[in-house]
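Taking this note's numbering as reference, the numbering of the sequence shown is continuous, increasing by one, and the terminal residue is 745. A virtual CB, placed ideally from N, CA and C, is assigned to each residue, including glycine.
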Amino acid sequence: MSERRVRVRFAPSPTGPLHIGGVRTALYNYLFARQHGGDLIFRIEDTDSSRFVPGAEDYIIEAFQWLGIKFDEGVSFGGQHGPYRQSERRDIYRKYVRQLLDNGKAYIAFDTPEELDAKRKEVENFQYDAQTRMQMRNSLSLPKEEVERLIAEGEQYVVRFKIEPGRDVHVDDLIRGDVSINSSVLDDKVLFKSADGLPTYHLANIVDDHLMEVSHVIRGEEWLPSAPLHVLLYEAFGWQDTMPRFAHLPLLLKPVGNGKLSKRDGDKLGFPVFPLEWKDPQTGAISSGYREQGYLPEAVVNFLALLGWNPGEGHEEMMSLDEMVGLFDLSKCSKSGARFDYVKGMWFNHQYLMQQPAEAWTPAFDKILRENGIESTPEREAQVVEMMKMKVIEYVDGENNKKKRNISFVSDLWPLCRFFFVAPERYDKEDGFVSKNWKETTAQEMDQLVGVLSALDEKEFTVEEMKPLVDAWAEATGARPWNAWRVCLVGTGQGPDMYELAAFLGRQETIKRMENAIAALG
Ligand code: GLU
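Structure below.
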């Protein structure tokens, strides 16, 4: 048998912003497609008009652009199998609904929502299936003429899949192996609704996967319960020979506790669950995004790739998209859920940020400075980045614990870097560092240091010129001026090497800050 061309699809429903779990699904499809020289299709599953959210489709496209995940065909990408938006494929689906009806694999049902509700109240755990369908109003239970009359009169109906009970249905899953279920537990799923002339997810999904020659269906675990139904649909159409292989990816779990990752976890612990910021078109509520929080797309992709798969012993965790394409192995994905370790995500961002030259940080840094009323130049901003990027910051985590971490975002710099651009407004004797390092004789010592530094002009005010001069003075007099000098320039115990800081500030600003401190602290 000749190998089938690998064709996979990512098929979101535009019901809101793309959840981070959906991004991982798309990423795995991308890796699988690239690895096999196949195609990745972008299909929009918008047959449920009640859940349609304007802007969601554009959002999804923009998110993948940012992440560098490229599609080969689909909505906004073109291709031979279009249209790729299901709402534009009505006529195609009608034909296939007709086929199932003609073959006796499906039937027409007239039960109104009220009738179904009444039935559910009457019968505990009511399910529309082989056991109950003859008690309902449908083309199996009603005379043919009655059915024709109802349709002619414009009565609304749905088409239901006629599931034969008592069969073991097998789903051969590339990650989970053989998953089987007895068809008796399945209900006669609605495949089509006359009210809007549109198929439901199940029918449209199967018809499109078939017509678009999809070879593998890689999707989240939440779709596993639908898979037996999908297998039966392939059979009902007589398409079992070209049925795609299934792979259901592990669930993303909460960072702490049990259950699947939710937006609430993100809000509580302070991490985004969406790739880009999203503004709800109805409520105007903003949900944070990885991009706007200052994550680099490479870091997000790397972090997500490892939630449910890993390249095996002895392999670096840091991988580019291209490296992942080479290493990815669908059959090595885990069956059990992957904990969403967002701290690991920050660690990845730290790593990728450190690989970037300081110049790459400055646009974002400059924006933050401006928001704080500071104007500087890219050169000076890059100098600050170089001096400060290895610092550790203190923060309070979602559970109110004081913690320390490396700089993971450009925005982490600002609270550490204010003094580079703004002189201390006050010198606070209550500050532990100040009281410890500012003694009776300190003002006098700082006066002397001003004298030493004054020997240099503005152009000579460099680390190379300054250091030997100050060191020689300190040696000769026994002075230990560095902490007090820091108090003068920073106001407290933060900051980089003193010579680097003084050189950055320049002669005039350095001496001015020292004189201010001497006057204030005495
Ligand atoms: N439209 C479904 C979703 O929103 C697609 C599921 C599938 O991949 O079959 O995820």
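Grab me the residues of residue i's own chain with a C-beta within less than 7 Å of its C-beta, minus the 5 sequence neighbours each way, in chain order.
i: K614; result: I630 and L639
i: D269; result: S236, P237, F275, R308, Q309 and S310
i: A707; result: N660, W661, T665, E668 and M669
i: A249; result: F233, F287 and I292
i: V657; result: Y650, D651, V710 and T715
i: A561; result: P473, L475, L476, L530 and G531
i: G245; result: P235
i: I741; result: A666, M669 and D670
Under three-state DSSP, which class holds residue i?
i: A255; result: The identity of residue 255 in the sequence shown is Phe, whereas the question assumes Ala. DSSP places F255 in helix when its eight states are reduced to three.
i: Y316; result: helix
i: P448; result: helix
i: I243; result: helix
i: P422; result: strand
i: W637; result: helix
i: W462; result: coil
i: R356; result: helix
i: D395; result: strand
i: D334; result: coil
i: I264; result: strand
i: A508; result: coil
i: H439; result: strand
i: A725; result: helix
i: A740; result: helix
i: W289; result: helix
i: F349; result: coil
i: I386; result: coil
i: A587; result: helix
i: F294; result: coil
i: G400; result: strand
i: F233; result: strand
i: R468; result: strand
i: K502; result: strand
i: F415; result: strand
i: L519; result: coil
i: K328; result: coil
i: R308; result: strand
i: T238; result: coil
i: V381; result: strand
Say the cut is 7 Å; is the CB of residue i nearer than that to a heavy atom of the ligand FAD?
i: V440; result: Because the ligand FAD does not appear in the structure shown, any question about it cannot be addressed here, the ligands present being the ligand GLU.
How about residue i and residue j: are their beta carbons less than 8 Å apart?
i: E280; j: V298; result: yes
i: R266; j: S438; result: no
i: K682; j: Y722; result: no
i: T423; j: V413; result: yes
i: D401; j: D395; result: yes
i: V382; j: A427; result: no
i: A581; j: E609; result: yes
i: R206; j: L712; result: Since the first residue of the chain shown is 224 and the last is 745, residue 206 is not available in this structure.
i: R372; j: D334; result: no
i: M577; j: K626; result: no
i: H471; j: I398; result: yes
i: Y769; j: L263; result: No answer is possible for residue 769: it lies beyond the span of the chain, which begins at 224 and ends at 745.
i: K567; j: F526; result: yes
i: E598; j: T585; result: no
i: V496; j: G507; result: no
i: H746; j: T465; result: The structure shown does not extend to residue 746, since the chain spans only 224 to 745, so no value can be given for it.
i: P467; j: I404; result: no
i: A418; j: P388; result: no
i: L692; j: A702; result: no
i: L324; j: A459; result: no
Please list, in chain order, all residues of the same chain as residue i whose beta carbon is under 8 Å from its beta carbon, the five residues on each side excluded.
i: Q258; result: V548, G549 and F551
i: M357; result: L363 and S364
i: M224; result: For M224, the predicted structure reports a pLDDT of 47, less than 50, and the residue's modelled location is therefore unreliable. The matter cannot be settled from this model.
i: W746; result: Nothing about residue 746 can be read from this structure; the chain reaches only from 224 to 745.
i: L455; result: F384, I386, V392, S406 and L409
i: T685; result: A726
i: E617; result: K625, K626 and K627
Can you find the residues in the same chain that come closer than 6 Å, C-beta to C-beta, to residue i, ignoring five residues on each side of it along the sequence?
i: A522; result: F571, N572 and Y575
i: L672; result: P704
i: E436; result: R230
i: L421; result: T270
i: G302; result: E296
> Which whole runs of the alpha helix (DSSP H) in the region 603 to 690 are 4 residues long or more, in chain order?
Replying inline: 637 to 644, 655 to 660 and 665 to 677
> In chain order, which alpha helix (DSSP H) runs of at least 4 residues are fully inside the region 533 to 576?
Replying inline: 544 to 550
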